[in-house]
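In the working numbering, the protein residues as written are 485 to 823.
Beta carbons: idealized from backbone N, C-alpha and C, even for Gly.
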Ligand code: TYM
């Protein structure tokens with residue numbers, strides 16, 4: 485079994501990233517180790533440049549993200565952890581795969597629509613092309629499984645189509661590229677903003693109040709959760725219900741922290757006096773889950789040289805795999821000299 489996932493080095497990582505993705509990476513690393521497989525994680529700096537950004541900050545954010553992933557439990561000795569721009573094979577593959585990607589499919593991508601609508605500056609061609617590079621990221625490693633949050637479902641479906649179209653067009657009966665499965669968690673695949681539970685928690689949210697960052701101090705986490713939007717049901721009703729988005733989101737977070745279902749989380753709060761009890765149960769669980777990550781982070785982040793060396797070592801390992809795939813793809817497509 486081979487697992488691959490990518491994460492952007494933009495902004496600060498939040499609870500949605502942690503529950504929806506980062507936790508699944510650590511689980512994937514363990515499952516791969518047990519089953520003799522391989523887990524590969526990529527910090528996608530080239531995806532981050534598709535929207536307005538500050539070049540000096542990008543490098544710092546890449547180290548921040550690497551340190552956070554290691555603090556969360558990724559071990560560069562057991563998995564491959566690297567920076568996307570260190571593996572040029574992925575960008576070349578992106579161009580080659582563009583020939584089997586439908587323009588109309590890219591036009592339908594929700595993420596492109598959302599991000600291009602909110603772009604105040606340039607809507608770059610890179611933003612439109614983002615999903616092709618994402619497909620190249622995964623397909624370069626011929627992996628079987630991609631742990632992601634719900635918002636990436638459509639991108640994974642697209643990369644499956646790209647792999648299948650490539651094999652049909654150039655494979656000559658062979659499965660040159662592997663069509664991967666997504667691994668979206670049952671609970672916590674779409675954590676919503678605490679102040680606006682109709683929108684997903686995100687780095688570009690309107691207010692910081694609705695976003696819990698992985699490195700937030702416990703007091704701040706408590707304050708943000710205390711102010712989380714619920715509803716005015718009287719008496720208060722702690723239950724999962726599509727009409728109760730705020731309460732449902734809190735139950736989902738609680739359930740994800742405790743590895744139970746949201747209904748079980750609601751049942752545990754059957755004797756609660758009100759939403760205050762729900763909020764303090766969620767605070768306790770989130771603080772307990774994130775505390776070890778925050779504690780380990782500072783020490784890891786302080787040694788930038790060690791982080792850089794670790795990313796470069798990861799890139800060397802990654803390039804070996806990606807280069808083999810790229811050679812097969814070039815050869816099948818008739819690009820370059822006979823291999
Ligand atoms: P990024 O950095 O925006 O998000 C990283 C991961 O966090 C998940 N996520 C969430 N999960 C639950 N609730 C939320 N509110 C929430 N917000 C974000 C995302 O689903 C993602 O798994 N396009 C990718 C980066 C990427 C990639 C790849 C992923 C580039 N190449 C190859 C997988 C495979 C992204 O959005 O990252």
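Secondary structure of residue i, DSSP reduced to three states
i           : result
residue 758 : coil
residue 735 : helix
residue 684 : strand
residue 489 : strand
residue 604 : coil
residue 565 : strand
residue 582 : helix
residue 625 : coil
residue 751 : helix
residue 523 : strand
residue 781 : helix
residue 510 : helix
residue 573 : helix
residue 665 : strand
Pairwise C-alpha distance: residue j and residue i
i           : j           : result
residue 780 : residue 729 : 33 Å
residue 709 : residue 768 : 10 Å
residue 770 : residue 713 : 17 Å
residue 589 : residue 582 : 12 Å
residue 785 : residue 756 : 40 Å
residue 658 : residue 750 : 50 Å
residue 706 : residue 764 : 7 Å
residue 656 : residue 584 : 15 Å
residue 508 : residue 669 : 8 Å
residue 606 : residue 614 : 15 Å
residue 524 : residue 718 : 49 Å
residue 596 : residue 603 : 10 Å
beta-carbon residue i near the ligand TYM non-hydrogen atom, thresh 7 Å
i           : result
residue 613 : no
residue 630 : yes
residue 597 : no
residue 594 : no
residue 504 : yes
residue 674 : yes
residue 636 : yes
residue 600 : no
residue 500 : yes
residue 685 : yes
residue 587 : no
residue 655 : no
Sub-8 Å separation of residue i and residue j beta-carbons
i           : j           : result
residue 626 : residue 675 : no
residue 503 : residue 610 : no
residue 631 : residue 505 : yes
residue 809 : residue 624 : yes
residue 538 : residue 568 : no
residue 744 : residue 766 : no
residue 813 : residue 577 : yes
residue 629 : residue 667 : yes
residue 759 : residue 720 : yes
residue 699 : residue 496 : yes
Closer than 7 Å: residue i CB and nearest the ligand NAD heavy atom
i           : result
residue 622 : This structure simply doesn't include the ligand NAD; it includes the ligand TYM instead.
For this session: Decide if the region 644-654 is in contact with the region 514-521; the criterion is three or more beta carbon pairs, one per stretch, under 8 Å apart.
Result: No, the region 644-654 is not in contact with the region 514-521.
Problem set entry | Stretch-stretch touch, CB-based, cutoff 8 Å, three pairs: the region 610-630 with the region 677-696 | Remark: fewer than three beta-carbon pairs, one from each stretch, lie closer than 8 Å, so the region 610-630 and the region 677-696 are not flagged as touching.
Exercise. Should the region 794-809 be called in touch with the region 570-584, which here means at least 3 C-beta pairs below 8 Å?
Worked result: Enough Cβ pairs lie closer than 8 Å, so yes.
For this session: Determine contact between the region 542-560 and the region 789-798, defined as no fewer than three beta-carbon pairs at a distance below 8 Å.
Result: Pairwise C-beta distances place the region 542-560 in contact with the region 789-798, as three or more of them are shorter than 8 Å.
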